[in-house]
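Going line by line, the protein sequences match chains A and B.
Residue numbers for the first sequence follow the UniProt record's numbering, beginning at 1 and rising by one.
Residue numbers for the second sequence follow the UniProt record's numbering, beginning at 1 and rising by one.
2 protein chains.
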Amino acid sequence: MDIQSLREQHPDHWKKACAIRALTLDAVAAANSGHSGMPMGMADVATVLYEKHMVFDARSPDWPNRDRFVLSAGHGSMLVYALLHLTGDPEFPIEQIRNFRQWGSKTAGHPENFLAKGIETTTGPLGQGLAMSVGLAMAEESLRARWGAKIIDHYTYCIAGDGCLMEGVSQEAIGLAGRHELSHLIVMWDNNGITIDGKVSLSDRTDQKARFAAAGWDVFECDGHDPADIDRALTAAKASKGPAFIACTTHIALGSSAQDTSKGHGALTDAKLIADTKAAYGWTSAAFEIPADVKKAWEAIGARGAEARKAWDERLAALSDGKRALFQQQFSCEPPKKLASAIRAVKKDAVEKMPKVATRRASEMVLEAVNPVMPETIGGSADLTGSNNTKTADLGVFDPINRKGRYVYYGIREHGMAAAMNGMALHGGLRPYGGTFMCFADYCRPAIRLSALMHMPVVYVFTHDSIGLGEDGPTHQPVEHLAMLRATPNMMVFRPADLVETAEAWEIALGAKATPSVLALSRQNLPAVRKNHTNKNLVAQGGYVLEEATGKRQVILIASGSEVEVALKAREALEADGIGTRVVSMPCMELFAQQDEAYRRKVLPAGAVRIAIEAGVRMGWDRWLLGERGREGKDGFVGMTGFGASAPAERLFQEFGITYEATVAKAKALLG
Amino acid sequence: MDIQSLREQHPDHWKKACAIRALTLDAVAAANSGHSGMPMGMADVATVLYEKHMVFDARSPDWPNRDRFVLSAGHGSMLVYALLHLTGDPEFPIEQIRNFRQWGSKTAGHPENFLAKGIETTTGPLGQGLAMSVGLAMAEESLRARWGAKIIDHYTYCIAGDGCLMEGVSQEAIGLAGRHELSHLIVMWDNNGITIDGKVSLSDRTDQKARFAAAGWDVFECDGHDPADIDRALTAAKASKGPAFIACTTHIALGSSAQDTSKGHGALTDAKLIADTKAAYGWTSAAFEIPADVKKAWEAIGARGAEARKAWDERLAALSDGKRALFQQQFSCEPPKKLASAIRAVKKDAVEKMPKVATRRASEMVLEAVNPVMPETIGGSADLTGSNNTKTADLGVFDPINRKGRYVYYGIREHGMAAAMNGMALHGGLRPYGGTFMCFADYCRPAIRLSALMHMPVVYVFTHDSIGLGEDGPTHQPVEHLAMLRATPNMMVFRPADLVETAEAWEIALGAKATPSVLALSRQNLPAVRKNHTNKNLVAQGGYVLEEATGKRQVILIASGSEVEVALKAREALEADGIGTRVVSMPCMELFAQQDEAYRRKVLPAGAVRIAIEAGVRMGWDRWLLGERGREGKDGFVGMTGFGASAPAERLFQEFGITYEATVAKAKALLG
């Protein structure tokens, strides 16, 4: 349908959609940067979605039972901001639109969930929004089963572009959605045939509809500019039995001279182009001005869900006090009161029995205590359940016939898993954790970064955390991964040494409200190193004195995880030779760095040789050691300098020199 | 077909296939670890492939025109080792099979390309082998067009498992292969319905045949145990016009009590199970023993391609001296002699004109000089061609109608691009480089790691390397990525400051034979910092004195890339205040670390305050600074401590305090 016919046949719709387009043109021009074409192309779909289908209340953007809207093609962020402004979200007055992409504004270049309640999620790295939408829809299914449809019953809508569909994570996501028959998930594909480099056909000739159908989706299509056709497709999609994919045929940068070209993807800032485009739209208002009747119509859309929201408030209020309190606790991401006592019980038991277990098994023991008292947890693994030790007996399996199940078989999809966990955490009401081998943190790295950036307290259970993995060899042995994870802002990387430290790490991870955690866990058995019970969570200090020197302190050994055992053995040998040696366990470098300087100095005082021991690369440890700069100093590192190898684990530790003997020799050499 | 029928109907085939199965059972039992089920399930397919189709010469495993065989399901490595041993590869006597997964053997837990010529590629991280196969097949198409079918004309065969197909990278790979109509690529899917967690249907219900067809593949299927049916499918696949996908219905751990179960995926080590299985096979030889007739039959297969190889040797010898020398130079990964002079010309021109350009543009200027004299380069970008500045005018576009084109539009597929580049580098004869935004190094991280592990000199062109990217905001601004990349063993991370340094970095990257390189390049314009021409490659030293202190040296500023400008301005201000200040440019920390201590001390002598400046996290810099350990010291860091934000770049540098003013203030504070 051409613009003229659209204007004539659907005049009210046209004005509303053009309000989105005009704000996009104005904001991008003011910022002199941004992406105009996507909001201009998808304005009709978004208008119909918001006017006819989305259940939301612009004045209560964080209402838990709202429909979710995810713009996976996050570069088209002006679509989100225009919708928030037009529908009357109080955080988005016109000044926010005027300050698009400026310091301190809520209208960042890509949507950022932490800047405003009305922004469901950060998007921009392509494919992530689609994959998080799958997590949102999984959360909705899970919570609907737990709380009943009176409390949770909504749709998740996602707009995805060609980029989202080309990124590999999309396949992991659509496979998960198909397998779990997520009928409340509706993905609208902005099928405009254009990428940055040119036509999509330059790089891709995939039949996307056939691809989604192959993954078990119900597939629809529509003219993405015809409001009646869009409405028909959305109505059909909502009634589908599986997840729904709507191929919306659109024109990027509709109505401009850049329409249907890759130029239209980016910032349209030319004054004449903008004027001509607005003229083609029949849009005569000044920049950043919306005609009163159009604004009023949009605000009515924003208020459309207010009654539904109030009715929901009443239904929530009608719950028993206990149930309501539980709902609020879980949605506010507060840990339950019983968590602390459950952890304490594990710790007490541990110092009594001193079990020699791998920390991945220790993690399972903690989960066996935690999962029963923390029903908001939802666990899973990327097809390594038995190795990651992530499934406890009480969880049940989440699938279409048991939506109450709390364990997800994610398949061999680390990236899809991590993104789904982000979606679940964004939804609220659930505490997702998921496992894989630590080396395959690589596969989910883009989603891990989003957990940190978005402040999502997702827990990553990364087992087989070093060459201790043994025979599988260097492709499966993390070496640089602790450094990579520690370098990421707003992450806590725990590498516990035994069951007690593992319990304490889980307690912190499950108490976090805005920070994701990594648990780096051993494949191999490790001795208990904490001999006395204390209610205090020592891991919360990041590093602490595990064993003190008996005589004059000449050496401090700092270690994490499986190498704490090495440090303790080295200490024994050094002490036997009359060399006073302190052992510092450092399960979380980030938390140690957050302690005050006095504490850090107490744990790591001057005047002794220091050696850090960790079966990974040195990077990250230099902060606590004398590096090149302190050449006069006496510090050392026992760890890896390159990739691992395939052999039994004990042999590898020997060959790579990560042993107590090597540590003792280094200490003596440094003491001179 | 049941085992009994197979034995009776195809007795010769059966014995050959069971030789693979028996060696697998024996090796896994001896190692007490490994994966038995996959080689047992795919032994029939592999036997038919090697006997009837693969063109190779076991005595000349690195013959450039051999068919390639990639085991994407790398955990089934015993399939590869059994084939190499049985066909008579001189590097794989039976001792190697006996030492499966042991220190120093070539038979690592997963195949490692650097351990033996006969191992085409490292695999194990699932999906990588499939995606590298696409690169191998692209290289074959490209080289066939360049050299003619008499010199390069072969197939790439790949065995992929369910895990490979669930990993997202598989979608990127099959999309690329479909678009490029790679008719010499044949993927055999080990369709056994089993993953580690149980049945595939627990986590996936994708119709894989429909999915591949949707991506433009020709789809076939066969009974993966019936040699006649396998042969029929392979014959048809070779004749296909597009890439071919053969769904091979198989039984994991065929013939054992673990058949068709997830138990069968792992190590079958129970003595009775092994004895019973061999009995079912009718296999009566002792462990690690192959009946002479069976070994002879396999060795005949190994010798089958010797004539073809000899004929090829003659065709190569018949080339003109110049052409043959060029072929050998390109396949040996030697840079052409003209590279050095091309780089020198760029450098000379640069110090004359002192252009103020972004280093991404500088990189393009270097490529404009390099690509014409280095026809083995093959460039590309993951849909950011204009931003990554990776396409020079002379390249032409690689696609089905122009196989000689040297530029690949990879689409929005960073992971698929990186894996394809690994495949091209593995093939030999090409020098792949490819671009994306540096932040999206995350998306290709598993393949980057493989470049390093496999010793592949792939060049990653990562532009927009800091908050200097500006308005797109924190999802697009790398912060921890330099640390992540530097932490990876066997990588060179270059962050050049201007055109001269960019040219020198490219020279090193293109001269490398066994190390991948990252070029971290700015979006924003940067002033020229190298004022005098020298033929010497200063970047090769990693770090060097760019500007010396005029008076007494009180401060040393160390910076990389865009922050060298900040350091130079800060030096000017400090010198104006009488504070002697040296500026060290540190474009490659790895190369600096490789210099001898005397040089490092010369560049970074004691006795002055040091400040490192880089718009990323501090991790990695501590080695050259006094960290916590040197509390008495006086060193500082000017950089990022968290994620970035959306705003114009200049504002971001101001807000995050990465300025010359902040540097000057820090220096003065540290001087006290």
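All residues carry an ideal CB built from backbone N, CA and C; glycine is no exception.
Check, Outcome
"Under 9 Å from the C-beta of residue 76 of chain A: neighbouring residues of chain B", "Chain B residues near residue 76 of chain A: none, gap ~13 Å exceeds 9 Å."
"Cα-Cα separation, residue 654 of chain A to residue 171 of chain B", "41 Å"
"Where residue 656 of chain A meets chain B, residues with beta-carbon distance less than 7 Å", "What residue 656 of chain A touches in chain B: nothing, since even the nearest Cβ is about 11 Å away."
"CB of residue 20 of chain B within 7 Å of CB of residue 255 of chain B, strictly", "no"
"Per-residue contacts from residue 189 of chain B into chain A (C-beta, under 9 Å)", "The premise fails here: residue 189 of chain B is roughly 14 Å from chain A at the closest Cβ pair, so nothing lies under 9 Å."
"is_contact[residue 103 of chain B, chain A] using C-beta, thresh 7 Å", "yes"
"Any C-beta of chain A under 7 Å from that of residue 125 of chain B", "yes"
"Continuous alpha helix (DSSP H) assignments of at least 4 residues falling wholly in the region 117-153 of chain A", "128-147"
"Where residue 600 of chain A sits in the DSSP three-state scheme", "helix"
"7 Å Cβ cutoff met for residue 56 of chain B and residue 455 of chain B", "no"
"Within 8 Å of chain A by C-beta, residues of the region 465-488 of chain B in sequence order", "470, 471, 472, 473, 474, 475, 476, 479, 480, 483, 484, 486, 487, 488"
"Whole runs of the beta strand (DSSP E) within the region 148-236 of chain A, excluding any shorter than 3 residues", "156-160, 185-191, 218-223"
"Members of the region 16-35 of chain B near chain A, C-beta cut-off 8 Å", "31, 33, 34"
"Residue 372 of chain A (DSSP reduced to helix, strand or coil)", "helix"
"Best match in A:138, A:151, A:240 for proximity to residue 417 of chain A [C-alpha to C-alpha]", "A:138"
"C-beta atoms of residue 610 of chain B and residue 591 of chain B nearer than 7 Å", "no"
"Residue 458 of chain A, DSSP secondary structure in three states", "coil"
"Listed by chain order, chain A residues near residue 661 of chain B by CB distance under 7 Å", "Here the premise fails: no neighbours, minimum Cβ distance about 18 Å."
"Where residue 206 of chain A meets chain B, residues with beta-carbon distance less than 9 Å", "171, 174, 175, 178, 179, 214, 215, 216"
"Chain B contact for residue 643 of chain A (CB, 7 Å cutoff)", "yes"
"Collapsed DSSP secondary structure at residue 18 of chain A in the structure displayed", "helix"
"CB contact check: residue 267 of chain A to chain D, cutoff 7 Å", "No chain D is present in this structure, whose protein chains are A and B."
"Candidates B:339, B:266, B:298: closest to residue 77 of chain B by CA position", "B:266"
"Chain A contact residues for residue 622 of chain B, given Cβ-Cβ distances below 7 Å", "622, 623, 627"
"Residues near residue 673 of chain A in its chain [Cβ-Cβ closer than 8 Å; skip 5 each side]", "In this structure chain A extends from 1 to 672, so residue 673 of chain A is not present and cannot be described."
"Minimum Cβ-Cβ distance from residue 203 of chain B to chain A less than 7 Å", "yes"
"Interface residues of chain A facing residue 84 of chain B [CB-CB closer than 8 Å]", "None at all; the shortest Cβ gap to chain A is about 16 Å."
"The region 93-110 of chain B contacting the region 183-196 of chain B, beta-carbon criterion three pairs below 8 Å", "no"
"Backbone secondary structure at residue 410 of chain A - three-state DSSP", "coil"
"Residue 220 of chain A beta carbon less than 7 Å from that of residue 210 of chain A", "no"
"Nearest-angstrom Cα separation, counted from residue 312 of chain B out to residue 450 of chain A", "52 Å"
"Boundaries of the alpha helix (DSSP H) in which residue 585 of chain A is found, first to last residue", "Premise fails: residue 585 of chain A lies in the beta strand (DSSP E), 580-585, not in any alpha helix (DSSP H)."
"7 Å Cβ cutoff, residue 411 of chain B in contact with chain A", "yes"
"Selection from A:79, A:106, A:120, A:169 that minimises the alpha carbon distance to residue 471 of chain B", "A:106"
"Residues that DSSP places opposite residue 249 of chain B in a beta bridge", "B:191, B:223"
"Beta-ladder partner(s) of residue 637 of chain B, from DSSP", "B:612"
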